[in-house]
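Numbers 1 to 229, taken from the UniProt record's numbering, label the letters of the sequence shown in order.
Note that beta-carbon positions come from the ideal geometry of N, C-alpha and C, so glycine has one too.
Source: prediction; values computed, not measured.
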Amino acid sequence: MAVLQSTILKFSSYCRCITIARFTTSTCCNKQSLEEKLGLTPRPKKPTTPFFRFIANIKPEVLQQQPNIKSTELAKIAAERWKKIDESTKDDLKKEYEKDLLKYQTERKEYEQKLSPSDRDLITLEKESKKLRKEKDKLKKRKEELGRPKKPAPPFILFLKSQLTDRGSSIKYKEWFASMAKGWHSLSEAEKTPYLERHRKEMEEYKKKLGKWEKDMVKQGFGSLVNQH
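1) Can you give, in chain order, each stretch of the alpha helix (DSSP H) that sits fully within the UniProt DNA-binding region "HMG box" (149-214) and has at least 4 residues?
2) Taking only the alpha-carbon atoms, compute the straight-line gap between Gly39 and Ile157 and give it to the nearest angstrom.
3) Taking only three categories from DSSP, how would you classify Gly221?
4) Measuring only the C-alpha atoms, how far is Arg198 from Glu73?
5) Measure the Cβ-Cβ separation of Tyr206 and Pro152 and say whether it is below 8 Å.
6) Any chance the CB of Lys99 is under 7 Å from a heavy atom of the ligand MN?
7) Could you check the C-alpha separation between Arg53 and Asp91 for me, to the nearest Å?
8) When burial is assigned at 16 or more other CB atoms within 10 Å of the CB, is Ala181 buried or exposed?
9) Out of Glu112, Arg200, Glu144, which one is the CA nearest neighbour of Glu214?
10) I want to know whether the region 58-72 touches the region 104-116 - three or more CB-CB distances under 8 Å.
11) Between Gln228 and the rest of its own chain, which residues show a CB-CB distance below 7 Å, the 5 nearest in sequence each way excluded?
12) Contact defined as beta carbons within less than 8 Å: I believe Ile58 pairs with Ala78. What is the distance between those atoms, to the nearest angstrom?
13) State the start and end residues of the unbroken alpha helix (DSSP H) segment that holds Pro50.
14) Where does Leu38 fall in DSSP's three states?
15) Select from Arg43, Asp216, Glu96 the residue whose C-alpha is nearest the C-alpha of Leu146.
16) Taking just the CA atoms, how far does Met203 sit from Leu187?
17) If you measure between the beta carbons of Pro149 and Leu210, is that distance less than 8 Å?
18) Within 10 Å of its beta-carbon, does Phe159 have 16 or more other beta-carbons around it, so buried, or fewer, so exposed?
19) Are there 16 or more other CB atoms within 10 angstroms of the CB of Leu93, so buried, or fewer, so exposed?
20) What separation, rounded to the nearest whole angstrom, lies between the Cα atoms of Ile85 and Thr49?
21) Compute the beta-carbon to beta-carbon distance between Pro44 and Glu36, rounded to the nearest angstrom, for a pair I have assumed lies under 8 Å.
22) Going by beta-carbon coordinates alone, are Ile123 and Leu196 separated by less than 8 Å?
23) Please report the straight-line C-alpha distance between Lys99 and Lys136, rounded to a whole angstrom.
24) Should Pro155 and Lys192 be called a contact, given that it needs their Cβ atoms to be closer than 8 Å?
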């Protein structure tokens, strides 16, 4: 029992450090919110909790002393210092948080009231789409872990790979890709044939392997996974 409790505590500490590390990196790399991606006014952001305010406060000092410190190390330092700071400092940070929380709740309510029905529908649709994409990626990863054969590259990608050695180091990938796409479309049917034929053969082999894999999965009790798309 003691070993189990120790393991749980270590895992909890690990998760806490990972969360802190993500916070310390996200402060300088703000991602677009869902609303911003949809072209809508971004919703108010939740205020930072007392502990993460503390991290933000000590971060400049730590970076000045250790400019190349990793986020995980910064997280450990912050966690240790947080244990040792006086209660009055914690209370001040807590009061700041509570004040900002009240402001956030008011702004959030006003924001929700200003959203039109179509805006709400758009946000809901995007959330559902994002959820489906995550589930699809998770399913794909699980199938790969179980040895599902990879689908062959299409003819154009085969052509692209064949031209990689001739790509100059000075040309940007985007420009090179556009040039290759134009080059592919300008090829005659005879010139495309080797790539089309290779793709056809690889697809035949892929279908055979996929069929065998699916049968094996059904035998092993993964039939429901095979039928999910």
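Quick answer:
1) 155-162, 173-186
2) 33 Å
3) coil
4) 50 Å
5) For Tyr206 and Pro152, yes; Cβs fall inside 8 Å.
6) Questions concerning the ligand MN fall outside what the structure shown contains, since it holds no ligand whatsoever.
7) 12 Å
8) exposed
9) Glu144
10) no
11) Excluding positions up to five away in sequence, the list reads Leu139.
12) 6 Å
13) 50-65
14) coil
15) The shortest Cα separation from Leu146 among Arg43, Asp216, Glu96 belongs to Asp216.
16) 22 Å
17) yes
18) buried
19) With at least 16 other beta carbons inside 10 angstroms of its own, Leu93 counts as buried.
20) Computed Cα separation, rounded: 16 Å.
21) Incorrect: roughly 13 Å between the Cβ atoms, too far for contact.
22) no
23) One C-alpha to the other measures close to 41 Å.
24) yes
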